[in-house]
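Down below is the structure, laid out as structure tokens.
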Amino acid sequence: MPCLQRFLPDTAPETLIAALEQDGGIVIEHLLTPDGLAQFRSQLQPLLDRSSPCQGDFYGYATRRISGLIERVPVTRELAIHPLILQVMDAFLLRGCREYQLNLTQAISIGPGEPRQFLHSDDLMFPGTAPGSEKMINCMYALDDFTEQNGATCVVPGSHRWPEPRDPKPEEVISAAMPAGSVLIYLGSLIHGGGANQSAQARTGVVISYNLGWLRQAENQYLAVSRELARTLPPRLQRLLGYFVHAPNLGSIDGRDPIELLRDQPPADALFREFLPEEIIQPLAEARAAALRID
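Residue numbers for the sequence shown, in the numbering used here: -13 to 281.
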């Protein structure tokens, strides 16, 4: 019977990374403190109460979703830059980019009667490949106890290593049950889906996902987070929102790093800068010098 390995927050990052590499998903139990969990619930619940159920065969008809959590749910801001989580992201995503970014922040509350979601892998939203690297990684935080009965996320351990796409067999699909305050980290290439809620209560989780810095974000962070708020955020979170240039020259504005827009007094000069990887700066300089000699 397949299973996911479970850890506590004091586990060495190297151990988490090895397990995630092997199975495609891991559970870290009780990553959120009781106070942090209570804060999350109190800030999020009023938004869920005012929301309407989704209307679609993929998102469901008894499921409520709230996005833009960096703006709307302040406790999300600290969680998005949790040191242990970012160490895991570094190990996987920096294989395929120079800097990664927030892909999505979304609360998902699966209501009673919702059937199991279509099993899928999230990286299918990005056409093409990123050889040697994952394109994205998800972190699903349980705000309620996740059980097989109430719709815990279903995963197919090891499916990220399948040589060819196929439908999983029933015995390969497991329920990632975990206590409230825990997090399920799973690779974008892992087959998964929201579980069927056969209980009388909704179950709520929050997804914070990250992707390669040269890909389009699933959630438009520049509109989801007001510039007024972005100016007040920690520099690490500003960059995760996308306020950086991914070398070479992806994401600049008027030849500038977009993070300059968040400063109270941006530089007055009008220089059009280059944002180049270190390894090509010297060869370019030598090529230019050679061209000048020829001329």
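Every residue gets a Cβ at the ideal spot worked out from N, C-alpha and C, and that includes glycine.
Asked                                                                                                                      : Found
Span of the alpha helix (DSSP H), counted from its first residue to its last, around Arg225                                : 221 to 227
Contact set for Cys40: own chain, Cβ-Cβ below 8 Å, skip 5 residues either direction                                        : Gly46, Tyr47, Thr49, Arg50, Arg51
Supposed contact pair Cys125 and Ser195 - C-beta distance, whole angstroms, cut 8 Å                                        : 7 Å
Proximity of Tyr86 and Gly11 at Cβ, strictly below 7 Å                                                                     : no
Bridge partner(s) assigned by DSSP for Arg217                                                                              : According to DSSP, Arg217 bridges with nothing at all.
Cut-off 8 Å between Cβ atoms - residues of its own chain near Glu205, not counting five sequence neighbours on either side : Ser53, Gly54, Leu88, Asn89, Leu90, Thr91, Gln92
Buried/exposed call for Lys121, threshold 16 Cβ in 10 Å                                                                    : buried
Whole beta strand (DSSP E) elements within the region 143 to 218, 3-residue minimum                                        : 169 to 173, 189 to 198
Distance, Ala273 Cα to Phe(-7) Cα                                                                                          : 52 Å
Phe(-7), DSSP secondary structure in three states                                                                          : strand
Minimum C-alpha distance to Thr(-3) - residue among Gln8, Ile71, Ile56, Cys(-11)                                           : Ile71
Cα-Cα separation, Asp9 to Ile245                                                                                           : 37 Å
Euclidean distance between Cα positions of Met164 and Asn235                                                               : 42 Å
Host alpha helix (DSSP H) of Ala275 (start-end)                                                                            : 264 to 280
Validate contact between the region 206 to 213 and the region 149 to 164 using beta carbons, cut 8 Å, 3 pairs              : no
Inter-stretch contact at 8 Å, needing at least 3 Cβ pairs: the region 216 to 234 / the region 62 to 76                     : yes
Straight-line gap, Glu260 to Pro117 (C-alpha atoms, nearest Å)                                                             : 26 Å
Every unbroken alpha helix (DSSP H) within the region 66 to 126, with a cutoff of 4 residues, ordered by chain             : 69 to 79
Distance between Met111 and Leu278 (C-alpha atoms, nearest Å)                                                              : 46 Å
Simplified DSSP state of Arg27, which is helix, strand or coil                                                             : helix
Own chain residues within Cβ distance below 7 Å of Ser107, not counting five before or after                               : Gly174, Ser175, Leu176, Ile177
Neighbourhood of Val192 by C-beta, 6 Å cutoff - its chain only, sequence neighbours within 5 removed                       : Ala93, Tyr127
Where the alpha helix (DSSP H) containing Ile52 begins and where it ends                                                   : That residue, Ile52, is in no alpha helix (DSSP H); its beta strand (DSSP E) goes 49 to 53.
Proximity to Gly98 [Cα-Cα], best of Ala162, Gly181, Arg202                                                                 : Checking the sequence, you will find Pro at residue 98 rather than Gly. The shortest Cα separation from Pro98 among Ala162, Gly181, Arg202 belongs to Gly181.
Residue(s) in a DSSP beta bridge with Val141                                                                               : Ile160, His178
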